[in-house]
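First to last, the protein sequences are chains F and G.
Heads up, the first sequence is in my numbering, so the first residue is 1 and it goes up one at a time.
Heads up, the second sequence is in my numbering, so the first residue is 1001 and it goes up one at a time.
These notes are about the structure you will find just below.
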Amino acid sequence: MIHFDQVSKRYEGGHEALSQLSFEVPTGEMAFVTGHSGAGKSTLLKLLGLIERPSHGVITLDGQNLARVRRGGIPRLRRRIGMVFQDHRLLMERTVFANVELPLMIGGVARAERARRVRAALEKVGLLACERQLPATLSTGEQQRVGIARAIVARPTLLIADEPTGNLDPQLAVEIMGLFAEFQQVGTTVLIASHDLSLIKRMHKRVIVLDHGRLVADLAAQEVL
Amino acid sequence: MNASKEFNGPAAQVPRQQRFASWQEHHGWSAAASLRRLAARPLGSLLTIAVMGLALALPLAFYLLLGNVQKLGDAMGQSQAISVFMQTGQSGQATQLLATQLGNRPEVASVAVKSPQQGMEELAKMQGFSGALALLDDNPLPYVVQLQPRSDASAAAVETLVADVRAMQGVELVQDSDSWRKRLEALLGVGNRVVLMLALMLAMAALLVVGNTVRVDIASRSEEIGVLLLVGASDAFVRRPYLYAGIWYGLFSGILAALLAVVIELGLAAPVAQLSQTYDGKLRVAGLPTWLLLAVPLAAAALGWLGARLVSAWQLRKAA
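Spelled out as structure tokens, the structure:
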């Protein structure tokens, strides 16, 4: 599904966020990317969503070379990826329902079908009762779950999350990670950036460790104790 | 949490028909949402609409003015007679002969001879002249022949007529309105060009006004736009509400401009009616044609769309 080959990312000003990074994530796998802040976790995820472009190297996603995707092709690529952000990026003036509905609206799904799938996604994250509320009336954890519902509602082939539990208490964080694991079980590839090592250990999934933009360890699920 | 059948793997492609229906739906949503956003900050929206409306009303006002000057010119030209002043000392008989001669020409509608005596009486009737005339020893006025060209006579024919009369013996001076008319027509030609240029410049100004308003609109919603782009919205999807905002601004300002033009037209009606009386009621106010009043809001809406389209293309390239 994901293939990084000698990928480097140097920002203007000379800071090298990733250097010669190579790894592969097969379809249907769930993996964590970890490391200290500034290790390059966020940059890695941004390259996958074409929020940033690599300076060197080749990234393929589902067999597609991302360097070949022009500006006009980016929306189509992003529709195949569900993205969850630490600051959840919800539209504060629209209801929970409308927020989750957004990817389906963009994808051109008919109204009745949209309603059905939005409700299913909200039920999945346990927020069906809140569909008419505005995000501001929800707690941080609930807002994060709305963000997750939005990321999964269009059934993406790849789910990526950048510090999805960053602002949550441990109990809630475990629940959220459990949700991601459920999506993996139905065939979605999941890649999560997190610096919460104790949480990662509890999940027993593959862990990719970055340090100053370099791959320093790649532990298979069995190796994570 | 028994909804997992909804999440049994990646989604299939959405059928074309469904995509079209939801595309239409998004158009409806964008039109309504942009209107709500306009209404949400009434002062700013009204100011934009007022500035655009005034800019578009101005060329319409000039167009009205020109139309009426044109009509006035026509009316004056029609009633204008050619006055042929005989040399002093030319007898009434000679004048009469010349008048008969001219009366036979096909382009002449009527001929009248005014004796020096009649001329004196006319002058005496004018205020302030009677005293001065009493001081004169004898009548200094010549015989005058007044020619009325046929109203359907061409300008060239009238010109030849005037030239012929000038060349006739005993004629001192020919006073005709022809050169005056030509000058007015040339002036109207310039006026038309000025109105056209003015309309183009003010349309450009309206474009800039709507463009700037939409630019501020987009800038204030950059966060929302960022989110839309991240979840896979195309540029067309993102800018749709802003294009509708441009259309609304244009449409409303166009309606305002058309209303202003009608007000100006009504304001002109009374003075023109007064003027008309001095031309035997021949003069009627030249109004704006209905098609123009309908076309202005539509053209303004197109202008608003264009302004929004240009700005959003530029803003979105920055955002992406």
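All C-beta atoms, glycine included, are put in the ideal place defined by N, C-alpha and C.
Do you know how far the Cα of Ser55 of chain F is from the Cα of Gly13 of chain F? 13 Å
According to DSSP, is Val96 of chain F helix, strand or coil? helix
Beta-carbon proximity check, Val125 of chain F vs Arg145 of chain F, cutoff 8 Å: Yes, Cβ-Cβ distance for Val125 of chain F and Arg145 of chain F is below 8 Å.
Count Cβ pairs between the stretch 1051-1061 of chain G and the stretch 1122-1133 of chain G that sit closer than 8 Å; are there 3 or more? No contact exists between the stretch 1051-1061 of chain G and the stretch 1122-1133 of chain G.
Who are the neighbours of Trp1023 of chain G on chain F, taking C-beta pairs under 7 Å? Ordered by position in chain F, the residues that pass the 7 Å Cβ test against Trp1023 of chain G are Gly108.
From the DSSP output, in three-state form, read off Phe183 of chain F for me. helix
For the stretch 69-91 of chain F, list every residue whose C-beta sits within 9 Å of some C-beta in chain G, in sequence order. Residues Arg71, Gly72, Ile74, Pro75, Arg76, Leu77, Arg78, Arg79, Arg80, Ile81, Gly82, Met83, Phe85, Arg89, Leu90 and Leu91.
Hey, is Met1 of chain F's beta-carbon within less than 8 Å of any beta-carbon in chain G? No - not a single Cβ of chain G is within 8 Å of the one on Met1 of chain F.
Burial state of Glu1122 of chain G, where buried means 16 or more other Cβ atoms lie within 10 Å: exposed
To test your reading of the DSSP string, which unbroken alpha helix (DSSP H) runs of 4 or more residues are found completely within the stretch 1056-1131 of chain G? The qualifying runs are 1092-1103 and 1116-1125.
Are there three or more Cβ pairs, one per stretch, closer than 8 Å when the stretch 81-91 of chain F is compared with the stretch 105-121 of chain F? no
Determine, for His1027 of chain G, whether the minimum Cβ-Cβ distance to residues of chain F falls below 8 Å. no
Can you tell me which of F:Arg206, F:Arg111 and F:Gly73 puts its alpha carbon nearest to the alpha carbon of Val1014 of chain G? F:Arg111
What residues match up with Asn65 of chain F in a beta bridge as DSSP calls it? F:Thr60
Proximity below 8 Å, CB of Phe4 of chain F to CB of Ser19 of chain F: no
Residues from the stretch 1218-1252 of chain G in contact with chain F, defined by Cβ distance under 7 Å: So the list reads Glu1224, Val1227, Leu1230, Val1231, Gly1232, Ala1233, Ser1234 and Phe1237, given in the order they occur along the chain.
Enumerate in chain order the residues of its own chain whose CB-to-CB distance from Ala973 of chain G is below 7 Å, with the five nearest sequence positions on each side excluded. Because residue 973 of chain G is not part of the residues shown, which for chain G are 1001 to 1320, the question remains open.
Thinking just about the alpha-carbon of each residue, which of G:Leu1097, G:Leu1251 and G:Ala1157 is nearest to the one in Leu1056 of chain G? G:Leu1251
Of the residues G:Trp1314, G:Trp1291, G:Met1201 and G:Val1296, the one placed nearest Leu1260 of chain G, counting alpha carbons only: Across the set G:Trp1314, G:Trp1291, G:Met1201 and G:Val1296, the C-alpha of G:Val1296 shows the shortest separation from the C-alpha of Leu1260 of chain G.
Per DSSP, which residues does Gln1146 of chain G bridge with? Please list them. G:Ser1083 and G:Ala1112
So is Thr165 of chain F buried or exposed if we call it buried at 16+ other beta carbons inside 10 Å? Buried, because 16 or more other Cβ atoms sit within 10 Å of the Cβ of Thr165 of chain F.
Mind listing the chain F neighbours of Gln1274 of chain G? Cutoff is C-beta to C-beta under 7 Å, in chain order. None at all; the shortest Cβ gap to chain F is about 58 Å.
Using only the alpha-carbon positions, how far apart do Leu199 of chain F and Gln133 of chain F sit? 30 Å
Can you confirm whether Ala1003 of chain G, when its beta carbon is compared against all beta carbons of chain F, has any partner nearer than 8 Å? Any reading at Ala1003 of chain G is ruled out, since the residue's pLDDT is 40, under 50, leaving its predicted position unreliable.
Should Ala1245 of chain G and Ala1308 of chain G be called a contact, given that it needs their Cβ atoms to be closer than 8 Å? Result yes, Cβ atoms of Ala1245 of chain G and Ala1308 of chain G sit closer than 8 Å.
In terms of residues, what are the limits of the beta strand (DSSP E) holding Leu91 of chain F? Where Leu91 of chain F is concerned, there is no enclosing beta strand (DSSP E), given that its DSSP letter is neither H nor E.
In chain G, what lies closer than 8 Å to Pro103 of chain F by C-beta? Val1231 and Gly1232
Going straight from the alpha carbon of Trp1305 of chain G to that of Asp169 of chain F, what length do you get? 49 Å
Using a C-beta cutoff of 8 Å, does Ala111 of chain F count as contacting chain G? Contrary to the premise, residue 111 of chain F reads as Arg rather than Ala in this sequence. Yes, its Cβ sits closer than 8 Å to a Cβ of chain G.
For Thr140 of chain F, I'd like the list of residues in its chain whose CB is within less than 6 Å of its CB, leaving aside the five on either flank, ordered along the chain. Asn167
Leu1229 of chain G beta carbon less than 8 Å from that of Val1238 of chain G: yes
Straight-line CA distance for Ser1091 of chain G to Tyr1143 of chain G? 8 Å
Kindly indicate the opening and closing residues of the beta strand (DSSP E) around His3 of chain F. Ile2 to Arg10
Note down, in chain order, each residue of its chain lying with its Cβ closer than 6 Å to the Cβ of Met1204 of chain G, except the 5 sequence neighbours on either side. none
What in chain F is Cβ-close to Arg1019 of chain G, meaning under 7 Å? Gly108
Write down the C-beta distance between Lys205 of chain F and Ala31 of chain F rounded to the nearest angstrom, noting that I regard them as a contact closer than 8 Å. 6 Å
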